[in-house]
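Note sheet for the following structure.
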Amino acid sequence: MTTALSLWAPLAYLDCGWAEDVLFRVDDGGMISTVEFGIPPGNLTRLPGVVIPGMPNLHSHAFQRAMAGLTERPGGTSTDDFWTWRKTMYGFVERLMPDQVEAIAAQSYVEMLKAGYTSIAEFHYLHNPVGGGRYHDPAELARRVAAGAAAAGIRLSLMPVLYQDGGFGGEALDDVQQRFRLEIDEWALIIAAMARTGVSERSSAAALHSLRAVSPAALDEAVAAYGEIRADGPIHIHIAEQEKEVSDCLAWSGQRPVEWLLDHAPVDRRWTLVHATHMTKSERLGVAGVGAVAGVCPTTEANLGDGIFELPSWLAAGGAWGIGSDSNVSLDPCEEIRWLEYVQRLTLRRRLTSHPGIPTESLGQGLWLGAVEGGARALGQPCGRLEAGRAADFLVLDPEHPTLAGHAPETVLDAWVFSNAGSALTEVWVAGRPVIRDGRHAQEDAIAHRYRAALTTLMESL
């Protein structure tokens, strides 16, 4: 529980725009109770710089942080793609133990905080022991992820994943995929168990791995079961990430993945379609029309060679969107946004491709705020804006940092997003508590020590 406090900032981005001399009153639950501006600092606790809302990370597989550097060698085939990458990932999963899952999660989340993520949607599909069977507590690994988040101090939306099939049409799971399988009642029990915590900055929600891993009957049953737990809660699903997925879905159903989902599932504002890389114009209009969020993960989609999410077309359709770190080859939200914009420039051969879909002259500001807003909705958490009734999740940027020095409010987020600002982020607050100060986490060394021990053991077993 946070002690109620009052925080003063010389400059902050509020719903009304940039404001000077801002006073935030934060209640003992870590929520902003009031916001005023034009207030002298007096003896108030100061946020030493430019304050902006923290970034929600709407899609992460925390354990994959420890795989960085293991998938950049040829896989013995003429073409390396997502499917060859997946074989390496499966080999890594076969070795992961619970204490290692916790250590990797904690390290991943500290690094995310240091880069500007203040909340995370953990798409958690690693459920069972090595070799099959079940843990005594089916939520064992979910609790390990939550413990890593608590050690880091990041806001968590834990999303246990339903994963039952090895491909479209009910293909059997591979041996290693048995670590992912849950019956629907087990899956629902984990969601319910992780929701009953009393921790204000943690929630649980639902994830369906993909149409290739969840049958139509299971999808219907799972959505109904989840509705008994949290009727208005978020639902996430991987979809249309790779071209092979699209062609396999066509062969199975006669429809493309997004087309099938819109026709057969109750997709609405609760839903986040992760990747949605390969959509037609009619699919984009359909998804945007029901208010679902597109969860875009540019650095992972680039690393895997998935394809390019067409952001200008999505914005023109009025679509909501957010960013995720996915495989965690990058843990920097600014890098995700830069990739998202820059690949459009390379494809279209022009600059500022997100205008006029971004409702500000400042592209960096518009992209940051768009990702924050969509990400908060995808997580189903009261974050994303610096206003009364929202979480006190702040980033504090140093206006004297060489990257930001001399910038007016109108360009400060352009400088922050579109350059390598690095140490310009000096403080990070989550639920009214400082978790990063002077660019460091209080438990950074201890968490890194446990991570190194876990990684050393894993590397020795490869």
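Under our numbering, the first residue of the sequence shown is numbered 25, with each subsequent residue one higher. Glycine is no exception: its CB is placed at the ideal position from the N, C-alpha and C atoms.
Task: Within 8 Å, strictly: CB atoms of residue 474 and residue 127 - done: Looking up residue 474 in the sequence shown gives position 450. Looking up residue 127 in the sequence shown gives position 103. Inclusion of residue 474 and residue 127 in the CB contact set at 8 Å is warranted, their separation being smaller than that value.
Open item on the list: Less than 7 Å between C-beta atoms, sequence neighbours within five positions excluded: which residues of the same chain meet that for residue 283?
Closed with: Here residue 283 refers to the residue found at position 259 of the sequence shown. The beta carbon of residue 283 sits closer than 7 Å to those of 307, all from its chain and outside the five residues before and after it, given in chain order.
Open item on the list: Taking only three categories from DSSP, how would you classify residue 258?
Closed with: In the sequence shown, counting from the first residue as 1, residue 258 sits at position 234. Note: residue 258 maps to coil in three-state DSSP.
Open item on the list: For residue 408 and residue 267, I'd like the C-alpha separation in whole angstroms.
Closed with: Along the sequence shown, one-based indexing puts residue 408 at 384. Along the sequence shown, one-based indexing puts residue 267 at 243. A straight-line Cα-Cα distance of about 33 Å links residue 408 and residue 267.
- [ ] Label residue 148 either buried or exposed according to how many other C-beta atoms from any shown protein chain fall within 10 Å of its C-beta, with 16 as the threshold for buried.
- [x] Within the sequence shown, residue 148 is the residue found at index 124, counting from 1. By the neighbour-count criterion, in which 16 or more other beta carbons inside 10 Å mark a residue as buried, residue 148 falls on the buried side.
Task: Exposed unless 16 or more other CB atoms sit within 10 angstroms - verdict on residue 33 - done: Start at 1 with the first residue of the sequence shown, and residue 33 comes out as number 9. Around the CB of residue 33, 16 or more other CB atoms lie within 10 Å, so the residue is classed as buried.
Open item on the list: Comparing C-alpha positions only, which one of 118, 130, 439 and 79 sits nearest to residue 467?
Closed with: As a working mapping, residue 467 is identified with position 443 in the sequence shown. Comparing C-alpha distances from residue 467 to each of 118, 130, 439 and 79 shows the shortest one belongs to 130.
Task: residue 185 to residue 90 span [Cα, whole Å] - done: Against the sequence shown, residue 185 aligns to sequence position 161. Against the sequence shown, residue 90 aligns to sequence position 66. Rounded to whole angstroms, residue 185 and residue 90 show a C-alpha spacing of 20 Å.
Task: As assigned by DSSP and simplified to three states, the class of residue 384 - done: Along the sequence shown, one-based indexing puts residue 384 at 360. Look at residue 384 here: in three-state DSSP terms it is coil, with no helix or strand label.
Open item on the list: Please tell me whether residue 209 and residue 197 are closer than 8 Å, where the distance is taken between their beta carbons.
Closed with: Taking the first residue of the sequence shown as position 1, residue 209 is located at position 185. Taking the first residue of the sequence shown as position 1, residue 197 is located at position 173. Taking 8 Å as the Cβ cut-off, residue 209 and residue 197 do not qualify as a contacting pair.
Open item on the list: Can you confirm whether the stretch 172-183 touches the stretch 216-236 when touching is taken to mean that 3 or more C-beta pairs between the two stretches lie within less than 8 Å?
Closed with: By the Cβ criterion, the stretch 216-236 is in contact with the stretch 172-183, since at least three pairs of Cβ atoms, one from each stretch, lie closer than 8 Å.
Open item on the list: By the three-class DSSP mapping on this structure, what secondary structure does residue 240 have?
Closed with: Your numbering for residue 240 matches position 216 in the sequence shown. Note: residue 240 maps to helix in three-state DSSP.
Open item on the list: What does the alpha-carbon distance come out to for the pair residue 327 and residue 354?
Closed with: Position 303 of the sequence shown, counted from the first residue, corresponds to residue 327. Position 330 of the sequence shown, counted from the first residue, corresponds to residue 354. Cα to Cα, residue 327 sits roughly 10 Å from residue 354.
Open item on the list: Runs of 3 residues minimum, wholly inside the stretch 296-371: which ones carry the beta strand (DSSP E) assignment?
Closed with: Taking only runs of at least 3 residues, the beta strand (DSSP E) segments lying wholly in the stretch 296-371 are 317-320 and 344-347.
Task: Beta-carbon separation (whole angstroms), residue 294 vs residue 258, contact threshold 8 Å - done: Start at 1 with the first residue of the sequence shown, and residue 294 comes out as number 270. Start at 1 with the first residue of the sequence shown, and residue 258 comes out as number 234. That belief holds up - the Cβ atoms of residue 294 and residue 258 are roughly 6 Å apart, short of 8 Å.
Open item on the list: Between 120, 118, 96 and 119, which has its C-alpha nearest residue 109's C-alpha?
Closed with: Along the sequence shown, read from residue 1 onward, the residue named residue 109 stands at position 85. Measuring from the Cα of residue 109, the nearest candidate turns out to be 96.
Open item on the list: Between which two residues does the beta strand (DSSP E) holding residue 185 run?
Closed with: Here the question's residue 185 lines up with position 161 in the sequence shown. Counting along the chain, the beta strand (DSSP E) containing residue 185 begins and ends at 179-186.
Open item on the list: Going by DSSP in three states, residue 473 sits in which element: helix, strand or coil?
Closed with: By 1-based counting over the sequence shown, the position of residue 473 is 449. In the structure shown, residue 473 sits in a helix (DSSP, three-state: H, G or I).
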